[in-house]
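Just so you know, full-length UniProt numbering puts 116 at position 116 of the sequence shown, and the rest follows in order with no gaps. In this text, a Cβ means the ideal position worked out from N, Cα and C, and glycines have one as well. Because the structure is a prediction, the values reported are computed rather than measured.
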Amino acid sequence: MSSQFSNPQPTSDSAAGAGQFSCSRRSLLRGAALATAATAAGALLAACAGEETVAKAATTDIPVGGAKIIDNWIIAQPEKDKFTAYSTECPHARGRIDKIAEQDGMTVAICPKHGSVFDTATGDVVDGPSRDPMALARDVQVNEGAVEVIN
1 MSSQFSNPQP TSDSAAGAGQ FSCSRRSLLR GAALATAATA AGALLAACAG
51 EETVAKAATT DIPVGGAKII DNWIIAQPEK DKFTAYSTEC PHARGRIDKI
101 AEQDGMTVAI CPKHGSVFDT ATGDVVDGPS RDPMALARDV QVNEGAVEVI
151 N
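This is the structure in structure tokens:
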């Protein structure tokens, strides 16, 4: 094997100082490339590993124009065959949104902690102290008659 693959050796140059190692540019670049690849692979795994089905319901359980709370998710069907999902954690003060109701011709989600009201079709604030909309799930998929919330 050539010397470019050998381990760094202590330098004999007294100006370099005792115990310091020399390293070729090629070895340094190879190490940097490996570190970059490892970091990218780790980030990809972290991004993909966190996704899982967190709530599931039959499509027929979610009325057109309505919504239901399933586990910690609000699953809405604002239009036929169009599903969205939001966290039940209120963006205002982290209370749990626990009620779905009809209000002024729209389906709303209500947080009992401070009275924030959200449009389940868009997630937008309708009333109350919250300034932010409800948090959307990463993805909503329909498979074999079931709505799956992926987060």
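Short Cβ contact (7 Å threshold) for residue i with residue j
i: P117; j: D127; result: In the sequence on display, residue 117 carries Val and not Pro. Yes, Cβ-Cβ distance for V117 and D127 is below 7 Å.
i: D71; j: A85; result: no
i: V53; j: G145; result: In the sequence on display, residue 53 carries Thr and not Val. Not a contact, by the Cβ cut-off of 7 Å.
i: A57; j: V147; result: yes
Of the residues the options, the one placed nearest residue i, counting alpha carbons only
i: T88; options: S24, A57, K82 and I69; result: I69
i: A93; options: D132, I100 and I74; result: D132
i: G65; options: L29, E79 and V149; result: E79
i: G105; options: A121, A146 and E52; result: A121
i: A76; options: D119, Q103 and N151; result: D119
i: A137; options: C23, E51, R30 and I62; result: E51
i: C90; options: D61, C23 and C111; result: C111
For residue i, the three-state DSSP class (helix, strand or coil)
i: S2; result: With a pLDDT of 49 at S2, under the threshold of 50, the modelled position of this residue cannot be trusted; read the value that follows with caution. S2 falls in the coil class under three-state DSSP.
i: R96; result: strand
i: T120; result: coil
i: D71; result: coil
i: T60; result: helix
Residue-level contact to chain D via CB, residue i, 7 Å cutoff
i: P78; result: This model lacks chain D altogether, as it is built from one protein chain only.
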